[in-house]
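S.K.: Position 79, counted from 1, in the first sequence is what numbering that gives the first Met the number 0 calls 78; the numbers after and before it change by one each time, with no gaps. Cβ atoms here follow ideal geometry from the backbone N, Cα and C, with glycine treated the same way. In this text, all values refer to a predicted model and were calculated from it rather than measured experimentally. The structure's right below; bear with me while I get my questions together.
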Amino acid sequence: MNEEHMDHLEDRTELNELMAVRREKLRDLIDLGIDPFGEKFECTHSAKQILENFADLEGQETAIAGRIMSLRTHGKATFADLMDSSGRIQLYFRIDVLGEEQYGLLEKVDLGDILGIRGKIFRTRRGEISVEVHNMKFLSKSLRPLPSQWYGLKDVDLRYRQRYVDLIVNPEVRRVFETRSRIIQCIREFLVERGFIEVETPTLHPIAGGASARPFITHHNVLDMDLYLRIAPELYLKRLLVGGFDKVFEIGKNFRNEGISTKHNPEFTSCEVYQAYGDAQDMMKLTEEIFAYIAQKVVGSYKIVFQGQEIDLTPPWPRLPMLEAIKQYCGVDLTGMNDGQARQAAKEKGLTLEANASYANVVEEFFDAFVEPKLIQPVFITDHPVEVSPLAKRKKDNPKLTDRFEPFIVTWEMANGFTELNDPIDQEYRFRQQMAQREAGDEEAHMMDEDFIRALEYGMPPAGGLGLGIDRMVMLFTDSPSIRDVLLFPHMRPRS
RNA sequence: GAGCCAUUAGCUCAGCAGGUAGAGCACCGGACUUUUAAUCCGGGUGUCCCGCGUUCGAAUCGCGGAUGGCUCACCA
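And the structure:
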């Protein structure tokens, strides 16, 4: 503690009483020659280990560390709850065991302080497994009061902005992120076991491709060029197929400069998978198997509950062509119609669309309005119109449709996959169509990527591709209705 | 971007026919050597989100703004 440090400590004019009191205790500790912000502490056990192995550990000495979450003083004895990353365990302090000096230090302990404890494992009269403290060390003094233990932190604004506090006082929040980690681990495991290689491709793209979305733009100073944060890794991963990697996947962030909602965050995590010599059928199988694998590992069952509804993830899931789905859910068969006929059909169903809406636009409108809200149980919607699928291969028997699929669960699109377009001539044609849309004002239309065409011209094996929306998967498996609940630090506007 | 709602103590909330702010927990002082939302006695610690207006008087009413939530729009 140097002079500057001490001066700073005195400067608390803007602190409320609760914080001022904590700083006084901090000062008292320093005056007693105790470092309030401790040092390395070797633990012998976690709280959970002690609780689970009490029979073997009873009477033994232990060293544990964690945050003080509750204090119950009874004069010459005190109980406290210590929380570490595994759970909570009770501490028992006695003046006749600790001596007056050490016991007196308890007066300087606040809820939230991080302590290192050495003591003996025992069980209290009331049966609670506890540690009788023989020695305590301050590892970090907490200078701010924690939210109420009983009510937790409810204010969602504060919970997201100060997630560290949320994590301290709301244990179920911690569990969501542990599950998120396990889900990603499962996906890796599953793919690696099947011979896929995990790769990393650029996040800074000279051309934002692989999806229809508005990109974020950034600037490289030395090169004096604008770059885009990637909206999808797809085109780079397919270049790897050209280069001879047959089975690759990438887990990482994508960035889309679009609206924020309960299902959209400007940066989100996807897992894209490509398998040479495969097709959409293979990727659908892979998709349902991944979900089933996660369900088994994380929930222990193919049946999960989301917002009160039971979802059965048992594979295989039904396959339902998009046009058939529309026919099934609203009785309109759009098959073979031209733009004008399709618009007329939409009008008759009361759908509002732009005057120059294309056939593909109409199909999307119908799907969004009548089908999507009904898709609760897992189903693959297949055979999307070619206009909205510029990177997917056309169906052999109908060049207006693509060999594409999207699994829907609880009305959400959970993934997107298709048989990859490996014909450079058709790909160039598709890009030109997209550019025409771009010029017509569609900012989300795909950009031309000459180098990607060149890669295809060297020859890309036929392949199946899949993009999984990790955040939505985590929402599904953790029963979270908002994407913000599965992002540690969701995007928030800065506080003014 | 639009509509609706919310914002009061560290946290969770009450208070709104307009009269100068309250509870529980936390916190502070005291008692207490097996408690566990410990208990008992005493203490309210506040920019009522911000600004302007109406009024003798605003947490409360009006207008504008900030942030958040939900819905819609946008968007895979």
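Does the distance from the CB of L420 to the CB of K392 come in under 7 Å?
M.R.: Their beta carbons are under 7 Å apart, which means L420 touches K392 by this criterion.
S.K.: Which value, in whole angstroms, describes the spacing of the CA atoms of P423 and E233?
M.R.: Taking the straight line joining both Cα atoms gives about 16 Å.
S.K.: State yes or no: is the C-beta of F290 nearer than 6 Å to some heavy atom of the ligand NAP?
M.R.: The model depicted lacks the ligand NAP and carries no ligand whatsoever.
S.K.: Going by the beta-carbon positions, is the gap between F78 and R87 smaller than 7 Å?
M.R.: Going by C-beta atoms, F78 is not nearer than 7 Å to R87.
S.K.: In the segment 126 to 196, which residue ranges form an unbroken alpha helix (DSSP H) of at least 4 residues, counting only runs that do not cross its ends?
M.R.: Segments of the alpha helix (DSSP H) lying fully in the segment 126 to 196: 155 to 160, 162 to 168 and 170 to 192.
S.K.: Let me check one thing: in DSSP terms, what residues is K24 bridge-paired to?
M.R.: In the DSSP output, where bridge partners are listed per residue, K24 has none listed.
S.K.: Would you list the residues sitting across from V247 in a DSSP beta bridge?
M.R.: Its beta-bridge partners are I196 and Y273.
S.K.: Any idea which residues DSSP pairs T418 with across the strands?
M.R.: According to DSSP, T418 bridges with G463.
S.K.: What is the DSSP secondary structure of D80, counted as helix, strand or coil?
M.R.: Strand at D80.
S.K.: What does the alpha-carbon distance come out to for the pair E9 and E127?
M.R.: Residue placement at E9 is poorly supported in this model, since its pLDDT is 43, which falls under 50; the coordinates are not used for a value here.
S.K.: For Q426, is the classification buried or exposed, using 16 other Cβ atoms within 10 angstroms of its Cβ as the cut-off for buried?
M.R.: When all chains shown are included, Q426 counts as buried.
S.K.: Short check: CB of L145 to CB of D165, under 7 Å?
M.R.: Contact: no.
S.K.: Alpha carbon to alpha carbon, how far is M446 from L352?
M.R.: The straight-line gap from Cα to Cα measures roughly 25 Å.
S.K.: Which whole-angstrom value is the C-beta distance of L90 and I116, which I expect to be below 8 Å?
M.R.: With 8 Å as the limit, L90 and I116 qualify as a contact, their Cβ atoms being about 6 Å apart.
S.K.: Can you tell me whether R193 is buried or exposed? The criterion is at least 16 other CB atoms within 10 Å of its CB, across all chains shown.
M.R.: It counts as exposed.
S.K.: Using a Cβ-Cβ cut-off of 6 Å (strictly less than) and excluding sequence neighbours within five positions of M135, which residues of its own chain qualify?
M.R.: Only L114 and I116 meet the Cβ criterion.
S.K.: Using 10 angstroms around the beta-carbon of W316, count the other beta-carbons present and answer buried if the total reaches 16, otherwise exposed.
M.R.: When all chains shown are included, W316 counts as buried.
S.K.: L70 lies in the beta strand (DSSP E); which residues open and close that run?
M.R.: It spans E60 to T72 - the beta strand (DSSP E) in which L70 sits, taken as one unbroken run.
S.K.: CA-CA distance, L312 and Y273?
M.R.: Approximately 23 Å, taken between the alpha carbons.
S.K.: What are the complete beta strand (DSSP E) segments, minimum 3 residues, inside the segment 317 to 400?
M.R.: Correct list: 318 to 320 and 378 to 381.
S.K.: Could you work out which residue in E405, I408, V409 and E386 is closest to P398 when comparing CA atoms only?
M.R.: The shortest Cα separation from P398 among E405, I408, V409 and E386 belongs to E386.
S.K.: Give the straight-line distance between the Cα atoms of G98 and H73, rounded to the nearest whole angstrom.
M.R.: Between G98 and H73, the C-alpha separation is close to 16 Å.
S.K.: Give a yes or no on contact between the segment 167 to 184 and the segment 469 to 476, applying the rule of three or more CB pairs nearer than 8 Å.
M.R.: Flag = yes, the segment 167 to 184 and the segment 469 to 476 touch.
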